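First comes the structure, then the notes that go with it.
Protein chains: 2
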Amino acid sequence: MALIVQKYGGTSVGTIDRIRNVARRVERYRDQGHEVVVVVSAMSGETNRLLALAQEVTASPSPRELDVLVTTGEQVTIALMSMALQHDGYPARSYTGGQVRILTDNAHGKARIQAIDDHRIREDLAQGRVVVVAGFQGVDDAGNITTLGRGGSDTTGVALAAALGADECQIYTDVDGVYTTDPRVVSNARRLQRITFEEMLEMASQGSKVLQIRSVEFAGKYNVPLRVLSSFDEGPGTLITVDEEDPMEQPVISGIAFNRDEAKIIVRGVPDIPGAAYRILGPVGDANIEVDMIVQNVGADNTTDFTFTVHKNEMEKATNVLRSVAGEIGAKEVQSDASIAKVSMVGVGMRSHAGVASRMFQILAKESINIQMISTSEIKISVVIEEKYLELAVRSLHSGFELEKEPFESD
Amino acid sequence: MALIVQKYGGTSVGTIDRIRNVARRVERYRDQGHEVVVVVSAMSGETNRLLALAQEVTASPSPRELDVLVTTGEQVTIALMSMALQHDGYPARSYTGGQVRILTDNAHGKARIQAIDDHRIREDLAQGRVVVVAGFQGVDDAGNITTLGRGGSDTTGVALAAALGADECQIYTDVDGVYTTDPRVVSNARRLQRITFEEMLEMASQGSKVLQIRSVEFAGKYNVPLRVLSSFDEGPGTLITVDEEDPMEQPVISGIAFNRDEAKIIVRGVPDIPGAAYRILGPVGDANIEVDMIVQNVGADNTTDFTFTVHKNEMEKATNVLRSVAGEIGAKEVQSDASIAKVSMVGVGMRSHAGVASRMFQILAKESINIQMISTSEIKISVVIEEKYLELAVRSLHSGFELEKEPFESD
Numbered sequence: 000m001a002l003i004v005q006k007y008g009g010t011s012v013g014t015i016d017r018i019r020n021v022a023r024r025v026e027r028y029r030d031q032g033h034e035v036v037v038v039v040s041a042m043s044g045e046t047n048r049l050l051a052l053a054q055e056v057t058a059s060p061s062p063r064e065l066d067v068l069v070t071t072g073e074q075v076t077i078a079l080m081s082m083a084l085q086h087d088g089y090p091a092r093s094y095t096g097g098q099v100r101i102l103t104d105n106a107h108g109k110a111r112i113q114a115i116d117d118h119r120i121r122e123d124l125a126q127g128r129v130v131v132v133a134g135f136q137g138v139d140d141a142g143n144i145t146t147l148g149r150g151g152s153d154t155t156g157v158a159l160a161a162a163l164g165a166d167e168c169q170i171y172t173d174v175d176g177v178y179t180t181d182p183r184v185v186s187n188a189r190r191l192q193r194i195t196f197e198e199m200l201e202m203a204s205q206g207s208k209v210l211q212i213r214s215v216e217f218a219g220k221y222n223v224p225l226r227v228l229s230s231f232d233e234g235p236g237t238l239i240t241v242d243e244e245d246p247m248e249q250p251v252i253s254g255i256a257f258n259r260d261e262a263k264i265i266v267r268g269v270p271d272i273p274g275a276a277y278r279i280l281g282p283v284g285d286a287n288i289e290v291d292m293i294v295q296n297v298g299a300d301n302t303t304d305f306t307f308t309v310h311k312n313e314m315e316k317a318t319n320v321l322r323s324v325a326g327e328i329g330a331k332e333v334q335s336d337a338s339i340a341k342v343s344m345v346g347v348g349m350r351s352h353a354g355v356a357s358r359m360f361q362i363l364a365k366e367s368i369n370i371q372m373i374s375t376s377e378i379k380i381s382v383v384i385e386e387k388y389l390e391l392a393v394r395s396l397h398s399g400f401e402l403e404k405e406p407f408e409s410d
Numbered sequence: 000m001a002l003i004v005q006k007y008g009g010t011s012v013g014t015i016d017r018i019r020n021v022a023r024r025v026e027r028y029r030d031q032g033h034e035v036v037v038v039v040s041a042m043s044g045e046t047n048r049l050l051a052l053a054q055e056v057t058a059s060p061s062p063r064e065l066d067v068l069v070t071t072g073e074q075v076t077i078a079l080m081s082m083a084l085q086h087d088g089y090p091a092r093s094y095t096g097g098q099v100r101i102l103t104d105n106a107h108g109k110a111r112i113q114a115i116d117d118h119r120i121r122e123d124l125a126q127g128r129v130v131v132v133a134g135f136q137g138v139d140d141a142g143n144i145t146t147l148g149r150g151g152s153d154t155t156g157v158a159l160a161a162a163l164g165a166d167e168c169q170i171y172t173d174v175d176g177v178y179t180t181d182p183r184v185v186s187n188a189r190r191l192q193r194i195t196f197e198e199m200l201e202m203a204s205q206g207s208k209v210l211q212i213r214s215v216e217f218a219g220k221y222n223v224p225l226r227v228l229s230s231f232d233e234g235p236g237t238l239i240t241v242d243e244e245d246p247m248e249q250p251v252i253s254g255i256a257f258n259r260d261e262a263k264i265i266v267r268g269v270p271d272i273p274g275a276a277y278r279i280l281g282p283v284g285d286a287n288i289e290v291d292m293i294v295q296n297v298g299a300d301n302t303t304d305f306t307f308t309v310h311k312n313e314m315e316k317a318t319n320v321l322r323s324v325a326g327e328i329g330a331k332e333v334q335s336d337a338s339i340a341k342v343s344m345v346g347v348g349m350r351s352h353a354g355v356a357s358r359m360f361q362i363l364a365k366e367s368i369n370i371q372m373i374s375t376s377e378i379k380i381s382v383v384i385e386e387k388y389l390e391l392a393v394r395s396l397h398s399g400f401e402l403e404k405e406p407f408e409s410d
């Protein structure tokens, strides 16, 4: 008998029929003797419907009232889910974030969980009930309703699993696991049986949309085994756990992530003096623009070309900021380029396997794909290339590293 | 400067435009220096939409989960209303029933308010905010969400007004006040400037649908001046207050209520022995059927005809109950008649004016309307007549008692 937290997203509970299907899945776990806590999102479309109502009232709704509004979405789902379970003869009880009580700070729209009171949930589980909790929401210490931000239901699931010491936190989505890369780009992409928290974090931050970064961080921090599964099919999904100890049992590369959302900005001819980077990135940061990759090359004439990437939506803003300070910086020119893509190879095995980077560059060179920027971390190599080569690059790397094949590990 | 509680029903907040209109009305009161607490219902149609979702899941949803579900309706409205006020530059803050905290018993779907914690509302008012509270809902002492039942938003308004010691509780509806009778039946029915709690209670219990009985009882008990107004037009509405002291200033009749929802059941030839009434009404009460008017006449042959009214929906059930026990009771026959209507004249002035009943009977006799049953209380006379004469009876009584004319009182 295990204690399992299951989280179902908006698509999984998007209709009454789907809610019934989720209830039946929960019931099978109960029939096997497991204790189950279910975390649900708002039915798909509902949050957007509510946000549209707010927009009709005012272009800039107060974050406090927006949270009061949108949290009704999950509240509807917990009630319907509990009714579906009860209808099938399974005792169930629903809780809003405030009822649990999931205590957060008061940053409306992006609150962070500070504590979870688990006593009512434990009492219900002890009495044989399925507990159904509204994802995405909590209350601050003054009793104001807060939300954890988009994707926050995953975080609720993981945080509850941590608080309850659950054996596993299952995140049900519309995909059946984490793949070596996006199967829409590489048809023989392989579902991973297992991936480490670190790898999953890199995959997520490099553009793989399966899980929210914060929930993976949270699961890693509290060592909650996380499993990604499909709510529509059966199957074991992908288990996300701590790094294994024997590096020989780890694949060199777990997956390839990519991202078309970034744009490149080049500041040319900046005098190569101490503080140049700060004088460029300072104004960009002051304008609340997030910077991802940064590369600096010193040229022959003692000036430097400074290149970085931002989200495509902020390219124009960042370019304007830099053009207005180009004089002070002493830069010759500010250029931007939106037609780029980033490709990242992720794997904890890189730590013990040299030569991954050079093999990656070789594969890309063979396809005549020019690398514009390079950035590395201990378990990741990212390159920026021209956007039109993205699919070619991902496919070549996937087959070049033989990711379609199950690695030598046994599980 | 006064403290005013304003309650707006589902029709008054049924669209974003209407929510904006309500906000502007609230703002005018703020501009005049008043403190305002706004109580709102769910947008019209929303509660039924939610109930339909529940019905899709199960024919018999649990009352606890039904309350979790339907309370989202008012929660949406409080957020949108607060946003509308804020948009216009008026500080506002929303509260669910649980956030206020409106403490109730745990009778889901028909909970009763036990206590209201007013400290957060008072703090907000002191800081110049409009406070927007979700009607119809509360929490029990274990933190479960409860609802007060249909029409419960009126009760929330009155209870808040009582707890805060408000100067007036204004109930905004789609009519502009309480009328001498239904204007759809009597075209020159007159809006009452003032009516007592007692009269309003009799009017409501006799079929006038303007206010919920429980909220009037509550207002009377805590002596909260209640005003019924239209949320679509301007105008003073009708003020409901305690009985005035000088009987000379009170109109004899305040209004005429009527009701087509009842049916008559006659048990003929019951032996006239002690306990006969109990032997008839006992089985009816055991079957959970509510009885309204009761009349008993002793005939010449030492048997009695026992007549009473029930809701039309329960006529068949009540008839069947009595037919099955007719033998034990010794009754000759059980008859039922659904084509009846009840007409009631209400007025505290009856107390000091004799002859109201005889004048009423005279007016009906002049129109050849036969009276089937009569029931009186200190401030009310009700008669049951054949349903097809209802409009004629109401119109004749309205003009016979000159209710279209403003009474001698000065206000």
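Protein chains in written order, with numbering that gives the first Met the number 0: chain A, 0 to 410; chain B, 0 to 410. Every residue, glycine too, gets a C-beta built ideally from N, C-alpha and C. These numbers come from a predicted model, not from an experiment.
Exposed unless 16 or more other CB atoms sit within 10 angstroms - verdict on T179 of chain B: What you label residue 179 of chain B is simply residue 180 of the second sequence in a count that begins at 1. By the 10 Å Cβ count, T179 of chain B comes out buried.
Chain A within 8 Å of L68 of chain B, Cβ atoms only: What you label residue 68 of chain B is simply residue 69 of the second sequence in a count that begins at 1. Answer yes: the Cβ-Cβ gap between L68 of chain B and chain A drops below 8 Å somewhere.
Interface residues of the stretch 75–88 of chain B facing chain A [CB-CB below 7 Å]: Of all residues in the stretch 75–88 of chain B, only V75, I77, A78, L79, S81, M82, A83, Q85, H86 come within less than 7 Å of chain A when Cβ atoms are compared, listed by chain position.
C-beta contact flag for F307 of chain A and M292 of chain A at 8 Å: For the purposes of this step, residue 307 of chain A is taken as the residue at position 308 of the first sequence. For the purposes of this step, residue 292 of chain A is taken as the residue at position 293 of the first sequence. Between F307 of chain A and M292 of chain A, the gap from beta carbon to beta carbon is short of 8 Å.
Three or more C-beta pairs below 8 Å linking the stretch 36–56 of chain A and the stretch 105–116 of chain A: The stretch 36–56 of chain A is not in contact with the stretch 105–116 of chain A.
Environment of N187 of chain B [buried if 16+ CB atoms lie within 10 Å]: If you number the second sequence from 1, residue 187 of chain B lands on position 188. When all chains shown are included, N187 of chain B counts as exposed.
Chain A contact residues for Q98 of chain B, given Cβ-Cβ distances below 7 Å: Residue 98 of chain B sits at position 99 when you count from the first residue of the second sequence. Simply G142.
V161 of chain A, buried or exposed, once every other Cβ within 10 Å from all chains shown has been counted against 16: The residue given as residue 161 of chain A occupies position 162 in the first sequence. Residue identity differs from the one stated: residue 161 of chain A is Ala in this sequence, not Val. With 16 or more other Cβ atoms within 10 Å, it is buried.
Any chain A beta carbon closer than 8 Å to P60 of chain B: Along the second sequence, read from residue 1 onward, the residue named residue 60 of chain B stands at position 61. Interface residue, yes.
Segments assigned alpha helix (DSSP H), at least 4 residues, entirely inside the stretch 55–117 of chain A: 62–86, 96–99
Any 3 or more C-beta pairs closer than 8 Å across the stretch 317–334 of chain B and the stretch 370–387 of chain B: no
C-beta atoms of V129 of chain B and L84 of chain B nearer than 8 Å: As a first step, residue 129 of chain B must be located in the second sequence, where it is residue number 130. As a first step, residue 84 of chain B must be located in the second sequence, where it is residue number 85. Yes, the pair counts as a contact, with Cβ atoms nearer than the cut-off.
Given M82 of chain B as reference, the closest of A:R63, A:A41, A:M80, A:M42 once Cα atoms are compared: Here residue 82 of chain B is taken as the residue at index 83 of the second sequence, counted from 1. Checked all of A:R63, A:A41, A:M80, A:M42; the closest Cα to M82 of chain B is A:R63.
Contact test: V382 of chain A Cβ vs the ligand MN heavy atom, cutoff 7 Å: You won't find the ligand MN in this model; it holds no ligand whatsoever.
Contacts around S395 of chain B, its chain only, beta-carbon distance under 6 Å, and the 5 residues preceding and following it disregarded: Taking the second sequence and counting its residues from 1, the one referred to as residue 395 of chain B is at position 396. Same-chain partners within the cutoff: I362, E366.
Assigned exposure category for G32 of chain B - 16 Cβ within 10 Å defines buried: Sequence index remark: in the second sequence, residue 32 of chain B carries index 33 (1-based). The residue in question, G32 of chain B, is exposed, as its Cβ has fewer than 16 Cβ neighbours within 10 Å.
Proximity to A125 of chain A [Cα-Cα], best of A:R92, A:G148, A:G97: In the first sequence, counting from the first residue as 1, residue 125 of chain A sits at position 126. Answer by Cα proximity: A:R92.
Residues that DSSP places opposite F403 of chain B in a beta bridge: Translated into positions along the second sequence, residue 403 of chain B becomes position 404. The sequence as given places Glu at residue 403 of chain B; Phe does not occur at that position. In DSSP, E403 of chain B forms no bridge with anything.
Which listed residue (A:V177, A:V12, A:L238) has its alpha carbon closest to that of D166 of chain A: One-based indexing of the first sequence puts residue 166 of chain A at position 167. Nearest C-alpha to D166 of chain A: A:L238.
Supposed contact pair V241 of chain A and V209 of chain A - C-beta distance, whole angstroms, cut 8 Å: Reading the first sequence from its first residue, position 210 is the one you call residue 209 of chain A. Reading the first sequence from its first residue, position 242 is the one you call residue 241 of chain A. Not really, about 19 Å apart at Cβ, beyond 8 Å.
Three-state secondary structure assigned by DSSP to N47 of chain B: Numbered from 1 along the second sequence, position 48 holds the residue referred to as residue 47 of chain B. If DSSP states are grouped into helix, strand and coil, N47 of chain B belongs with the helices.
Assumed close pair T95 of chain B, A133 of chain B - CB separation to whole angstroms, cut-off 8 Å: Within the second sequence, residue 95 of chain B is the residue found at index 96, counting from 1. Within the second sequence, residue 133 of chain B is the residue found at index 134, counting from 1. T95 of chain B to A133 of chain B, Cβ: 5 Å. Contact.
Inter-residue Cα distance where the pair is D410 of chain B and G254 of chain B: Counting from one through the second sequence, the residue named residue 410 of chain B turns up at place 411. Counting from one through the second sequence, the residue named residue 254 of chain B turns up at place 255. Below a pLDDT of 50, predicted positions are generally treated as unreliable, and D410 of chain B, at 43, falls in that range; the measurement from the model is reported next regardless. Spanning the two alpha carbons is a distance of roughly 18 Å.
Beta carbon proximity, S409 of chain B to chain A, threshold 8 Å: Mapped onto the second sequence, residue 409 of chain B falls at position 410. Bear in mind that the predicted position of S409 of chain B carries a pLDDT of just 44, short of 50, making it unreliable; the figure below should be weighed with that in mind. By this cut-off, S409 of chain B is not an interface position.
Extent of the continuous alpha helix (DSSP H) run through M202 of chain A: Here residue 202 of chain A refers to the residue found at position 203 when the first sequence is read from its first residue. Run containing M202 of chain A: 196–204, per the alpha helix (DSSP H) assignment.
Simplified DSSP state of H397 of chain B, which is helix, strand or coil: Locating residue 397 of chain B in the second sequence gives position 398, where the first residue counts as 1. Three-state result, H397 of chain B: helix.
E34 of chain A: first and last residue of the uninterrupted beta strand (DSSP E) it sits in: Here the question's residue 34 of chain A lines up with position 35 in the first sequence. Note, E34 of chain A: beta strand (DSSP E), 34–39.
Length of the line joining the Cα atoms of G206 of chain B and R100 of chain A: In the second sequence, the residue the question calls residue 206 of chain B occupies position 207. In the first sequence, the residue the question calls residue 100 of chain A occupies position 101. One C-alpha to the other measures close to 44 Å.
Residue range of the alpha helix (DSSP H) that includes A256 of chain B: Taking the second sequence and counting its residues from 1, one reaches residue 256 of chain B at position 257. Counting along the chain, A256 of chain B falls outside any alpha helix (DSSP H), though it belongs to the beta strand (DSSP E) covering 254–258.
6 Å CB neighbourhood of P426 of chain B in its chain, flanking five on each side removed: In the structure as shown, chain B begins at 0 and stops at 410. Residue 426 of chain B is therefore absent and cannot be evaluated.
Through-space distance from L68 of chain A to A41 of chain B, alpha-carbon basis: In the second sequence, the residue the question calls residue 41 of chain B occupies position 42. In the first sequence, the residue the question calls residue 68 of chain A occupies position 69. Between A41 of chain B and L68 of chain A, the C-alpha separation is close to 12 Å.
Chain C contact residues for T57 of chain A, given Cβ-Cβ distances below 8 Å: No chain C appears in the structure shown, which is made up of the protein chains A and B.
First through last residue of the alpha helix (DSSP H) which encompasses S357 of chain B: In the second sequence, counting from the first residue as 1, residue 357 of chain B sits at position 358. First-last of the alpha helix (DSSP H) with S357 of chain B: 355–365.
Contiguous alpha helix (DSSP H) assignments of at least 4 residues, all confined to the stretch 123–175 of chain B: 151–163
One or two residues paired with N296 of chain B in a DSSP bridge: In the second sequence, counting from the first residue as 1, residue 296 of chain B sits at position 297. BP columns for N296 of chain B point to B:D304.
Candidates A:T46, A:P273, A:G274, A:M314: closest to V290 of chain A by CA position: Locating residue 290 of chain A in the first sequence gives position 291, where the first residue counts as 1. Closest by alpha carbon: A:M314.
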